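A.B. asks:
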Amino acid sequence: MNNAFYAFLAFSTALPFLLSGLVVLSSARDNLPQIFLLSRCFSLLALGMFLSALATLNFSLSFLIGIFSFPLIFAKPLPNHPFLGVALALLLQITSPFMALSAVGTYWGLDIGDILKEAAFGWGVHGMWTPMVVWCVWYPAWLVGCMLASASLWLWVSWIRGEETQNLTQLNKISFEKESFDVKS
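Mapped onto my numbering, the consecutive letters of the sequence shown carry residue numbers 211 to 395.
#1: Using DSSP with H/G/I as helix, E/B as strand and the rest coil, what is Met338?
#2: Which of helix, strand or coil does DSSP assign to Phe246?
#3: If you count every other CB in all the chains shown that lies within 10 Å of the CB of Lys327, and 16 or more means buried, which is it?
#4: If I follow the unbroken alpha helix (DSSP H) through Ser222, where does it start and stop?
#5: How long is the line joining the alpha carbons of Met357 and Leu320, rounded to whole angstroms?
#6: What does a CB cutoff of less than 6 Å around Ser230 pick up in its chain, not counting 5 residues either side in sequence?
#7: In whole angstroms, give me the CA-to-CA distance for Tyr349 and Trp318.
#8: Could you tell me the boundaries of the alpha helix (DSSP H) in which Gly315 lies?
#9: What does the Cβ neighbour count give for Leu247, buried or exposed, with the cut at 16 atoms within 10 Å?
#10: So does the region 233-246 actually touch the region 330-344, counting three or more Cβ pairs closer than 8 Å?
#11: Of all the options Gly276, Gly315, Phe269 and Leu271, which has the alpha carbon lying nearest to the alpha carbon of Leu255?
#12: Using the Cα positions of Val234 and Leu300, report the straight-line distance between them to the nearest angstrom.
#13: Can you tell me whether Lys286 is helix, strand or coil according to DSSP?
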């Protein structure tokens, strides 16, 4: 079970970087601000709705997931500051579900396999919702946040390569303010 966990950890560490590259390289440059903004908004909206509903059933779990997912608020592409974007992506990696699971194992002196077995036992016997919340609520929101932060590096690389230089002004000014999304008639 440990090998499967570490394989999924390695896959999930690389996945946001690959997804952000796919989005940046396959989308029209004019649509990137809207794509990034909508991804961020819907991800945080869904996370907030799930955590609010969960707070009525299990406040402590909702509070803990909310604390760990707090850095997702700051996740956005920073094309002018690619190294700050990479630092943000590393911060998000530190607050990932995998690191939380590893921290719990280290604190209690347990192996990852033992924690996963106990989580499966709790799900099957006691009906605990913790694994479902971690992997179906927190993990997708974390994945989108890491994808947005990793997009900074892809945007910077595409700017260095000189792709579509007529849209560099808009690329370098990707912000999530009203002025970026005014419809031109």
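Heads up, the beta-carbon is just placed ideally off N, CA and C, and yes, glycines get one too. Bear in mind that the values here come from a model prediction, so they are computed numbers and not experimental data.
C.D. replies: This is what the structure holds:
#1: In this structure, DSSP gives Met338 a state outside helix and strand, which the three-state scheme calls coil.
#2: helix
#3: exposed
#4: For Ser222, the uninterrupted alpha helix (DSSP H) run begins and ends at Asn212 to Ser236, by DSSP.
#5: 31 Å
#6: Cβ neighbours of Ser230 within its own chain (closer than 6 Å, five residues either side excluded): Met357, Ser360, Ala361 and Trp364.
#7: 23 Å
#8: Pro307 to Trp318
#9: buried
#10: no
#11: Gly276
#12: One alpha carbon belongs to Val234, the other to Leu300, and they sit about 20 Å apart.
#13: coil
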